[in-house]
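See below for the structure under consideration.
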Amino acid sequence: MSTVSIPAEFTLHRKNLFNRTTAPRWIASHIRPYLWIVVMLVVGAIGNAALAAYVPVLTGDAFNAMTQPKPDTSVLLPLALTIGISQIIRGVLQLGRNFGAELLAQHMERDIRDELYLSLLGKSMTFHSLQPVGDTMARSTNDVREVNYMFSPGVNLVVGSFMFLVMPFLAAPRYHPSLLLTPTIFAIIYFIALARYLKTLAPITDEVRATFGDMNTHLSESLDGVEIVKGSAQEVAEVDRFVSNARRVRDAFVRQGDLEGRYIAMLILGAAYAGGLTHALLLFRAGEIDLGAVIAYFGLLQLLGFPTFTSTWAYSQISSGLSSARRILELINRETHLDQNAAGLTSAMSGEVEFRNVSFAYPTGDPVVQDVSFKVKQGQTVAIVGQTGAGKTSLVKLINRTYDITSGQVLVDGVDVREWNLASLRSQISIIEQDIFLFSRSLSDNIAFGKPEADRDEIISASKAAQADDFIHDFDQGYDTVVGERGVTLSGGQRQRIALARAFLTDPRILVLDDSTSAIDSATEDKIQRAISNAARGRTTFIITHRLSQIRWADLIIVFRKGKIAAIGTHDELMKTSEAYSRIFRE
Ligand code: DCP
Ligand code: MG
């Protein structure tokens, strides 16, 4: 058996750097590798704000020069030049700030996407069967994107505008210490209003993200099931459901907009202009400051406009980003205990399988396998028969730990499957599912899925053994034919043979064939029969089937009923002892 090449853990190398306790800490731990970008962003923001404040200061100086009893026009040109040059430098700094924010945002998006994708691949089937695909898609596309927007423009504008808020504090005392009054009162009210705004905003942005996820879930499900939607003429009903989901998203957005609209920041900005100007004029009348100072001060107050304008939506962008980060983190943190057992057994398997008092229940339901015990020798073929819903598929999925049992023991080669290295266990067991999934790639890529390094000759001989070579040649592009999504261009019987070819190529020690497809035309039936008996040769094989001929030549037959073994033995034994079994053959 080939050595195991599957990585034992689907995790990022930088994994330990990420703090996954809360969304803000998690985001912070993602920023840490890019501190230099943060420095660039902050330096750009400080420089930009300082040079923006420089303009009213210089304007005030120019006014003073002109309003003297004997106006001094010689200072005007140098002042104008200084303003011009300083604003060019400011442009460069602003570019640095914007560029830094954009760079940071893109890095965040990429890193979070990597982390999320790897985490999703590493999760157990129990997780995936409970988590709707549409919701996962919404989180891994739109929510990741929201985190990007949180940095650019979100953080960019918040940091940039915060520096504008600071500037009047630095420059106003130059004219008169009491001029700090207006910026101080403004800042206090600004932050109180902001805190209250953000507090009411957070649940609404959470709701916007959640309704969006629901809408996506429904959309992806109805596209996935579009055949049944059309087949049962339910288009109108599905559209109605979509519209009502879309309406909930819209309503949530409107509530967010409404709240943003009621935010009082603009009101306090107006009050600050009026109050500050009055204050400066009073000082001027008292002879405490000159006219240039009044002009400069009023110009400095204008700087408060930037934090005010941006605060309505830059902070809500951050709030949305945090809501999204929470949703992504929740997905990453949920149920991670798929034990890969990297240190477990990795030896070549011979294929003996034993179930000892095995019980199993899906997390949400009643037991579907109850106290099942049987033993299969290496190389034997086992047929599992039973009514729909009996638990046949569930039973065989316990062998390769697609699901972990609730109690008892499943042993392969006498070793508990949980003692095996998971990758080693799975690479030596092949399960051909009831519902065979083909990727939208070429047929040869689909066949070589479990062994990507296989060359064309190997692929062709596997296909021949699986009786697939003939029909593959009927396609114009042969092995390079690209499968339409979900295998729509292949019939059930063809898909089954592609899956068998996969199994021939990986040459597993244990093969499980969940073949619940009922009668196909007899020519195809014949081919599939031949393919299956080829595949069963030389390995332990479990076949879930309704085909009497296959059941008859099995070494062991398990009649499964409501999660329990109703009868077990060879064909001859069961014909004598089991009424239920012999009834199948009498019908
Ligand atoms: N079940 C569940 N969650 C899943 C899969 C199945 O709760 N992800 C439930 C549905 C059935 C029971 O488990 O009540 C047994 O399902 P199986 O798919 O194991 O049943 P079979 O394979 O025997 O049925 P079929 O012949 O239809 O394939
Ligand atoms: Mg089944």
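Letter by letter, the sequence shown follows residues 11 to 597 in our numbering.
The C-beta atom is built at its ideal place from N, Cα and C for all residues, glycine as well.
Being a predicted model, the structure only gives us computed values, none of them experimental.
From the DSSP output, which residues share a beta bridge with Trp430? Counted from its first residue, the sequence shown places residue 430 at position 420. By DSSP's assignment, Trp430 forms a beta bridge with Leu355.
Quick check on Leu87: buried or exposed, where buried means 16 or more other Cβ atoms within 10 Å of its Cβ? As a working note, residue 87 is residue 77 in the sequence shown. In the assembly as shown, Leu87 is an exposed residue. Its beta-carbon has fewer than 16 other beta-carbons within 10 Å.
Rounded to whole angstroms, what's the CA-CA distance from Ile409 to Arg219? Just pull it up for me. The residue labelled residue 409 in the question sits at position 399 within the sequence shown. The residue labelled residue 219 in the question sits at position 209 within the sequence shown. Each residue's Cα considered, the two are about 39 Å apart.
Any heavy atom of ligand 2 within a distance shorter than 6 Å of the CB on Lys572? Against the sequence shown, residue 572 aligns to sequence position 562. No heavy atom of ligand 2 is found nearer than 6 Å to the CB of Lys572.
Any idea if Trp46 is buried or exposed, counting beta-carbon neighbours within 10 angstroms, 16 or more meaning buried? For the purposes of this step, residue 46 is identified with residue 36 of the sequence shown, where counting begins at 1. The residue is exposed, with fewer than 16 neighbouring Cβ atoms inside 10 Å.
Per DSSP, what kind of secondary structure is Glu345 in: helix, strand or coil? Locating residue 345 in the sequence shown gives position 335, counting from the first residue. Note: Glu345 maps to coil in three-state DSSP.
Which of helix, strand or coil DSSP assigns to Ala577: In the sequence shown, residue 577 corresponds to position 567, counting from 1. Looking at Ala577 - three-state DSSP - the assignment turns out to be strand.
Measuring CB to CB, does Ala590 end up less than 7 Å from Ala541? Residue 590 sits at position 580 when you count from the first residue of the sequence shown. Residue 541 sits at position 531 when you count from the first residue of the sequence shown. In this structure, the beta-carbon distance from Ala590 to Ala541 does not fall below 7 Å.
Count the other CB atoms, across all protein chains shown, that sit within 10 Å of the CB of Met50; report buried if there are 16 or more and exposed otherwise. Residue numbering aside, residue 50 sits at position 40 when the sequence shown is read from its first letter. It is buried - the Cβ of Met50 has at least 16 other Cβ atoms within 10 Å.
Pick out every residue whose C-beta is nearer than 6 Å to a heavy atom of ligand 1: which are they, in chain order? Result: Ser139, Tyr372, Gly375, Val378, Gly396, Thr398, Gly399, Ala400, Gly401, Lys402, Thr403, Ser404, Gln444, Ser526.
Could you give the distance in angstroms between the alpha-carbon of Thr555 and the alpha-carbon of Lys402? Translated into the one-based positions of the sequence shown, residue 555 becomes position 545. Translated into the one-based positions of the sequence shown, residue 402 becomes position 392. Rounded to the nearest angstrom, the two C-alpha atoms are 10 Å apart.
Taking the Cβ atom as the reference point for each residue, do Ala111 and Asn166 lie within a distance shorter than 7 Å? For the purposes of this step, residue 111 is identified with residue 101 of the sequence shown, where counting begins at 1. For the purposes of this step, residue 166 is identified with residue 156 of the sequence shown, where counting begins at 1. Taking the C-beta atoms as reference points, Asn166 is found nearer than 7 Å to Ala111.
Tell me where the alpha helix (DSSP H) around Glu119 begins and ends. Locating residue 119 in the sequence shown gives position 109, where the first residue counts as 1. Note, Glu119: alpha helix (DSSP H), 86-131.
According to DSSP, is Ser254 part of a helix, a strand, or is it coil? The residue given as residue 254 occupies position 244 in the sequence shown. Three-state result, Ser254: helix.
Quick check: the Cα distance between Gln438 and Leu500, rounded to an integer number of angstroms? The residue you call residue 438 lines up with position 428 of the sequence shown. The residue you call residue 500 lines up with position 490 of the sequence shown. Spanning the two alpha carbons is a distance of roughly 27 Å.
Could you please give me the residues that DSSP links to Ile442 through a beta bridge? Against the sequence shown, residue 442 aligns to sequence position 432. Beta-bridge pairing links Ile442 to Leu523.
Close beta carbons around Val154, own chain, < 8 Å, minus the five adjacent residues each side: As a working note, residue 154 is residue 144 in the sequence shown. So the list reads Glu119, Ile122, Arg123, Leu126, Ser334, Ile338, once near-sequence residues are dropped.
So what's Ser134 in DSSP terms, helix, strand or just coil? Your numbering for residue 134 matches position 124 in the sequence shown. Ser134: coil per DSSP, three-state reduction.
Is it buried or exposed for Lys240, if we count other Cβ within 10 angstroms and need 16 for buried? Locating residue 240 in the sequence shown gives position 230, where the first residue counts as 1. In summary, Lys240 is exposed, with fewer than 16 beta-carbon neighbours lying within 10 Å of its beta-carbon over all protein chains present.
Are the CB atoms of Gly54 and Gly106 within a distance shorter than 7 Å? For the purposes of this step, residue 106 is taken as the residue at position 96 of the sequence shown. For the purposes of this step, residue 54 is taken as the residue at position 44 of the sequence shown. Yes. Within cutoff.
Drop a sphere of 10 angstroms on the beta-carbon of Asp145, count the other beta-carbons inside from all chains shown, and report buried for 16 or more, exposed for fewer. Here residue 145 is taken as the residue at index 135 of the sequence shown, counted from 1. Under this definition Asp145 is a buried residue.
Between the CA atoms of Phe28 and Leu22 - distance to the nearest angstrom: To locate residue 22, count along the sequence shown from 1; it is residue 12. To locate residue 28, count along the sequence shown from 1; it is residue 18. At Leu22, the pLDDT of 43 sits below 50, so the modelled position is not reliable and the matter cannot be decided from this model.
One or two residues paired with Thr320 in a DSSP bridge: Locating residue 320 in the sequence shown gives position 310, where the first residue counts as 1. Thr320 is not bridged to any residue.
Does DSSP classify Ser12 as helix, strand or coil? Walking along the sequence shown from the start, residue 12 turns up at place 2. Unreliable placement is indicated for Ser12, whose pLDDT of 37 sits below 50; the coordinate value is still reported in the next sentence. Looking at Ser12 - three-state DSSP - the assignment turns out to be coil, as it is neither helix nor strand.
Excluding the 5 residues flanking Leu113 on each side, which residues of the same chain have their C-beta closer than 6 Å to its C-beta? The residue given as residue 113 occupies position 103 in the sequence shown. Cβ neighbours of Leu113 beyond the five flanking positions: Ile47.
Could you tell me whether the segment 350-366 touches the segment 204-214, where touching means 3 or more Cβ pairs closer than 8 Å? Counting Cβ pairs under 8 Å, fewer than three are found: no touch.
Please confirm whether Gln6 and Gly573 have their CB atoms less than 7 Å apart. Summary: the structure shown does not reach residue 6, with the chain confined to residues 11 through 597, and so no result is reported for it.
Residues bridged to Glu364 (per DSSP): Position 354 of the sequence shown holds residue 364. Per DSSP, the beta bridge partners of Glu364 are Lys385, Leu421.
Residue span of the beta strand (DSSP E) that contains Val570, given as start and end: Counting from 1 along the sequence shown, the entry for residue 570 is found at position 560. The sequence as given places Phe at residue 570; Val does not occur at that position. Counting along the chain, the unbroken beta strand (DSSP E) around Phe570 starts and ends at 566-571.
Counting C-beta neighbours from all protein chains within 10 Å, is the total for Ile98 16 or more, i.e. buried, or is it exposed? Translated into positions along the sequence shown, residue 98 becomes position 88. Ile98 comes out exposed.
Residue nearest to Pro317 in terms of C-alpha spacing, selected from Met276, Pro183, Leu287: Numbered from its first residue, the sequence shown carries residue 317 at position 307. Distances from the alpha-carbon of Pro317 to those of Met276, Pro183, Leu287 put Met276 closest.
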